[in-house]
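Numbering that gives the first Met the number 0 numbers the first residue of the sequence shown as 0 and each following residue consecutively.
From the three backbone atoms N, C-alpha and C, an ideal C-beta is built for every residue, glycine too.
These notes are about the structure you will find just below.
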Amino acid sequence: MKKQTVIITGASSGIGKEIAKHFLDKGDNVVINSSTEEKLQKVFEEFGAGQNLAMVAGNVSDKNTGKKLVATAMERFGSVDVLINNAGIYDTRPFLEVTEEYLDTFLNTNLKGTYFTTQAVIPQMLKQQDGVIINIGTPLVGHALGGAPSTAPLTSKGAIHALTLQLAAEFGINNIRVNTVAPGVIRTPMHGEDADQRAGLHLLNRVGEVEDIAEMVITVAKSRFISGAIINVDGGMAAGHNLN
Ligand SMILES: NC(=O)c1ccc[n+]([C@@H]2O[C@H](COP(=O)([O-])OP(=O)(O)OC[C@H]3O[C@@H](n4cnc5c(N)ncnc54)[C@H](OP(=O)(O)O)[C@@H]3O)[C@@H](O)[C@H]2O)c1
């Protein structure tokens, strides 16, 4: 299997960190990112700071972060084969209490972060006539929940789903595949100690683990024919709920 160079945003924690570990275990070259340098440095060292690992700290909503990620991947490894737009934030606030500043926080990190990082990698993927972009979305985009007021994060994620399809359409002719993996509730620091309280949202009556998402991301990255897909990895959450 071809060795890939993979850029992963938001890789200092949770899902992104596990995705990075999976690619490293497969022998791929990995460039990790997150906005807090100390957190990222710690993970860089935990992963062994080896020849096939590089790091770029920076906020993904700043266009320069994407440019630095691509420059580092090219200098160190000579290609950009996979981009995982994983950096993201979530919070709840009732719709009528959402301020412009609060809304912008989600649009900036989730939507603009994904948008600008993708804009930074596509020129190199066009040169290669090869590449895959995997965004991290949510099944909640098509499946709303009462009791979790989340218009700000969910509208930003809905835009990512739309971006996925349109980019897949615009760049499919260049052999660039674009997909979204949409996780159910996954046990990560995003949920603190509360994740298991949400088990019943899933038909499997349990929450997911970071490995469940990393395995799908690897499958999509290594495939040659998955594009324009929104893939729920959600224990059946989008299909229904479990009242047990
Ligand atoms: N956990 C779930 O149940 C779940 C479900 C559906 C979708 N998701 C999505 O999965 C992705 C990962 O979530 P997670 O649960 O693994 O969360 P997490 O443990 O909180 O990790 C989020 C990561 O994103 C980074 N990050 C946040 N803002 C950033 C920014 N502006 N620029 C660069 N990096 C940034 C964080 O590092 P720094 O703090 O250093 O910036 C961290 O590495 C998110 O997109 C989330 O929306 C999660």
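(request) Give the single residue among Gly9, Phe22, Met54, Phe43 whose Cα lies nearest to the Cα of Val30. (result) Counted from its first residue, the sequence shown places residue 30 at position 31. Cα-wise, what sits closest to Val30 is Met54.
(request) Can you tell me which of the three DSSP states Ser33 falls into? (result) As a position in the sequence shown, residue 33 is number 34, starting the count at 1. If DSSP states are grouped into helix, strand and coil, Ser33 belongs with the strands.
(request) May I ask you to check if the CB of Thr32 is nearer than 8 Å to at least one heavy atom of ligand 1? (result) As a working mapping, residue 32 is identified with position 33 in the sequence shown. In the sequence as presented, Thr is not what sits at residue 32; that position holds Asn. Under cutoff, so the answer is yes.
(request) Run the proximity test for Tyr89: is its beta-carbon closer than 8 Å to any non-hydrogen atom belonging to ligand 1? (result) Translated into positions along the sequence shown, residue 89 becomes position 90. Yes, the Cβ of Tyr89 comes within 8 Å of a heavy atom of ligand 1.
(request) Note down, in chain order, each residue of its chain lying with its Cβ closer than 8 Å to the Cβ of Pro188, except the 5 sequence neighbours on either side. (result) The residue labelled residue 188 in the question sits at position 189 within the sequence shown. So the list reads Ser12, Gly13, once near-sequence residues are dropped.
(message) Cutting at 6 Å between CB atoms, please list the residues of its own chain near Pro122, excluding the five before and the five after it.
(response) Position 123 of the sequence shown, counting from 1, holds the residue named residue 122. Here the set comprises nothing.
(request) Express the C-alpha separation of Glu96 and Ser222 in angstroms, rounding to a whole number. (result) Numbered from its first residue, the sequence shown carries residue 222 at position 223. Numbered from its first residue, the sequence shown carries residue 96 at position 97. Cα to Cα, Ser222 sits roughly 43 Å from Glu96.
(request) Could you tell me whether the stretch 190-204 touches the stretch 167-182, where touching means 3 or more Cβ pairs closer than 8 Å? (result) no
(request) Flag this pair as yes or no: are the beta carbons of Gly167 and Ser226 separated by less than 9 Å? (result) Taking the first residue of the sequence shown as 1, we reach residue 167 at position 168. Taking the first residue of the sequence shown as 1, we reach residue 226 at position 227. The question names Gly, but residue 167 in the sequence shown is Ala. Result yes, Cβ atoms of Ala167 and Ser226 sit closer than 9 Å.
(message) Please classify Phe224 as buried or exposed, where buried requires at least 16 other C-beta atoms within 10 Å of its C-beta.
(response) Position 225 of the sequence shown, counted from the start, is the residue given in the question as residue 224. Answer is exposed; the Cβ neighbour count stays below 16.
(message) Is Met215 a contact residue of ligand 1, with contact defined as CB to any heavy atom under 8 Å?
(response) Locating residue 215 in the sequence shown gives position 216, where the first residue counts as 1. Answer for Met215: no, Cβ out of range of ligand 1.
(request) Flag this pair as yes or no: are the beta carbons of Val232 and Gly183 separated by less than 9 Å? (result) If you number the sequence shown from 1, residue 232 lands on position 233. If you number the sequence shown from 1, residue 183 lands on position 184. Yes, Cβ-Cβ distance for Val232 and Gly183 is below 9 Å.
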